[in-house]
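Residue numbers (the UniProt record's numbering), protein chains in the order written: chain A, 1 to 343; chain B, 1 to 235.
We treat Cβ as the ideally placed atom computed from N, Cα and C, and that holds for glycine.
Please read the structure below before turning to the comments.
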Ligand SMILES: Nc1ncnc2c1ncn2[C@@H]1O[C@H](COP(=O)(O)OP(=O)(O)O)[C@@H](O)[C@H]1O
Ligand SMILES: [Mg+2]
């Protein structure tokens, strides 16, 4: 868990830059882009908690994003509830559905869990698409009112930017606290070896449930913010393609690192924008890139960063009189992701 | 204290333990000898609740713990130190140790006291406490693994082949420490292939072959046994 020297300052500096951006530009293209990066980063950071830290690769998270989005949209459109209450209910409801899905799917391990979660994601997106009487189906849910908190209306792009930045910072802060806490370490211990974690007295199922529910809460929050921002919804936001996009962001940025989700989301979304005119052929480019990253940068960009720092002589671990370490590394390296590197 | 009665365990359809009867009394240091694949780790995983016996009874301090979950068994006082120095390699030594005290996580003062004891037992771990556990030498990693198990303050400590892959001199020190842990009041069940080292500290032991306990007795009985000498001591 070495904090890269100076990285606190980098984070602080970036935070102030993020605060200042709307003052420097009112270019709606950039602001919209940043808002989308914040929203998807929140969702991807949720995926990171369950997949990167607890080691359980969930592909259901686009579904939970959809639940959050539609709950907020429906409550505001059909029940005329206020934005904040709708937001709170969306997050809680997503977490509750997450608890049910987790209870069923977390009994499975490894690839079986990943495949099952993929099926759950498909089911969730089908429910959203086919339950037309509630969600309007493929017609889409239109006319979500402008979010209002008290007398403050978030009608301008700039005000939306600050609203979503607030939740993004909040989510990242909570993530950081969790990752550095004993709870975060129990997640990592399960990723390393569930059996070992259990022999230390950790209730693996409870810990996995906690990680899963929290990760769905983040996906739901991101979805709800998305709905309040775009103010119309189509069922495709819950589609499985989005789950794979999220996984792409996560792998590129660095799975199992605190900032990987943000870096990956920002980078890949920007690239996708540039390649917009290529439409579906984009994936021909991203496919091979993904393969290369998984092969050569298993911990993504942030993992590679941390590795660089680690390899500086001053922090080189003491490996003298050590003959057996190579073998044991292999044994212990059953995890999906990079170390505890979270710089 | 611990009693296994006619315990049978299967992996799928293959039987790994056949009606095993085994006992550890309060304060004892008992060795479980057996070759690779004999079933030592299977016995440990069964006692820890990671495997459920298909038949038979596991009793600990007068309670049947057969169907209990692993965390409940740890809380009851049985802690396993798994084979192969299974650490969290990228976490610091100190973080490995505090994870060992997971069941006492609310008792900060107790954890501090346990750490104090651990550092007295393994002074080198104090020096290395901020280093990633994976960067330590083999012997030191084994110390971390044992220390992490001790952090749960076990009544009965299960040590699965702590000597594997260590130089003879390190093994000797390791076993002296295990003897001290036992003298300080923790009962120990020690699985070993290294009968020579193990029988220097254990008073009593069992021999397991292909999932059957084939021999049990005091140190002298085991040392004098022709087969034990041939198979495990190499004399
Ligand atoms: N997870 C498993 N699945 C199936 N068979 C196993 C498993 N673990 C161990 N075995 C088998 O059970 C037997 C006992 O193994 P084990 O208890 O690990 O022996 P030991 O610890 O004495 O080396 C061996 O034949 C081994 O192949
Ligand atoms: Mg074994």
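Check                                                                                                                                             : Outcome
Residues in the stretch 58-76 of chain B having any Cβ partner in chain C nearer than 8 Å                                                         : Looking at the structure shown, chain C is missing, and the protein chains on hand are A and B.
Inter-residue Cα distance where the pair is residue 1 of chain A and residue 178 of chain A                                                       : Because the pLDDT at residue 1 of chain A is just 45, under 50, the model does not fix this residue reliably, and the value given afterwards should be weighed accordingly. Cα-Cα distance, rounded: 13 Å.
Candidates A:269, A:174 and A:261, of which the one nearest residue 299 of chain A by Cα                                                          : A:261
Residues from the stretch 184-200 of chain A in contact with chain B, defined by Cβ distance under 9 Å                                            : 185, 186, 188, 189, 192, 193, 195, 196, 197, 198, 199 and 200
Residue 109 of chain B at chain A interface by Cβ criterion, 8 Å                                                                                  : no
The stretch 97-109 of chain A contacting the stretch 221-236 of chain A, beta-carbon criterion three pairs below 8 Å                              : no
Cβ shell of residue 170 of chain B (< 7 Å), same chain only, five flanking positions each side left out                                           : 139
Distance between beta carbons of residue 91 of chain B and residue 185 of chain A, contact taken as under 8 Å                                     : 7 Å
Beta carbon of residue 388 of chain A nearer than 8 Å to that of residue 204 of chain A                                                           : A question about residue 388 of chain A goes unanswered here, because the residues of chain A that appear run from 1 up to 343.
Proximity test, Cβ basis, 8 Å: residue 180 of chain A and chain B                                                                                 : no
Proximity test, Cβ basis, 8 Å: residue 203 of chain A and chain B                                                                                 : yes
Residue 37 of chain B beta carbon near ligand 1 (any heavy atom closer than 7 Å)                                                                  : yes
Cα-Cα separation between residue 219 of chain A and residue 105 of chain B, rounded to whole angstroms                                            : 30 Å
Selected residue, minimal CA-CA separation from residue 39 of chain B, among B:216, B:220, B:230 and B:208                                        : B:208
Any C-beta of chain A under 8 Å from that of residue 50 of chain B                                                                                : yes
Contacts around residue 126 of chain B, its chain only, beta-carbon distance under 7 Å, and the 5 residues preceding and following it disregarded : 119
Test: residue 105 of chain B CB closer than 8 Å to a CB of chain A                                                                                : yes
Neighbourhood of residue 165 of chain A by C-beta distance below 7 Å, restricted to the same chain and skipping five residues each side           : 18 and 38
Minimum length 3: unbroken beta strand (DSSP E) runs contained in the stretch 74-150 of chain B                                                   : 78-81
DSSP state of residue 280 of chain A mapped onto helix, strand, coil                                                                              : helix
Three-way DSSP call (helix, strand, coil) for residue 320 of chain A in this model                                                                : With a pLDDT of only 37 at residue 320 of chain A, under the threshold of 50, the placement of this residue in the model should not be trusted; the figure read from the coordinates follows. Of the three classes helix, strand and coil, the one that applies to residue 320 of chain A here is coil, per DSSP.
C-beta atoms of residue 290 of chain A and residue 251 of chain A nearer than 8 Å                                                                 : yes
Proximity below 8 Å, CB of residue 22 of chain B to CB of residue 157 of chain B                                                                  : no
Helix, strand or coil at residue 82 of chain A [DSSP, three-state]                                                                                : coil
Residues passing the C-beta test against ligand 2 heavy atoms, cut-off 7 Å                                                                        : B:40, B:41, B:83, B:160, B:161 and B:191
Residues that residue 100 of chain B contacts on chain A, provided the C-beta gap is smaller than 8 Å                                             : 200
Touching by the beta-carbon criterion (3+ pairs, under 8 Å), the stretch 47-65 of chain A and the stretch 277-297 of chain A                      : no
Short CB-CB distance (under 8 Å) between residue 154 of chain B and chain A                                                                       : no
Where residue 80 of chain B meets chain A, residues with beta-carbon distance less than 7 Å                                                       : 199
Burial state of residue 14 of chain B, where buried means 16 or more other Cβ atoms lie within 10 Å                                               : exposed
Own chain residues within Cβ distance below 8 Å of residue 87 of chain B, not counting five before or after                                       : 96, 133, 134, 141, 144, 145 and 148
Burial state of residue 128 of chain B (16 or more Cβ within 10 Å)                                                                                : buried
Host beta strand (DSSP E) of residue 216 of chain B (start-end)                                                                                   : 212-218
Distance between residue 52 of chain A and residue 44 of chain B (C-alpha atoms, nearest Å)                                                       : 30 Å
Distance CB(residue 117 of chain A)-CB(residue 59 of chain A) smaller than 8 Å                                                                    : yes
Residues near residue 63 of chain B by beta carbon distance below 8 Å, same chain, minus five either side                                         : 76
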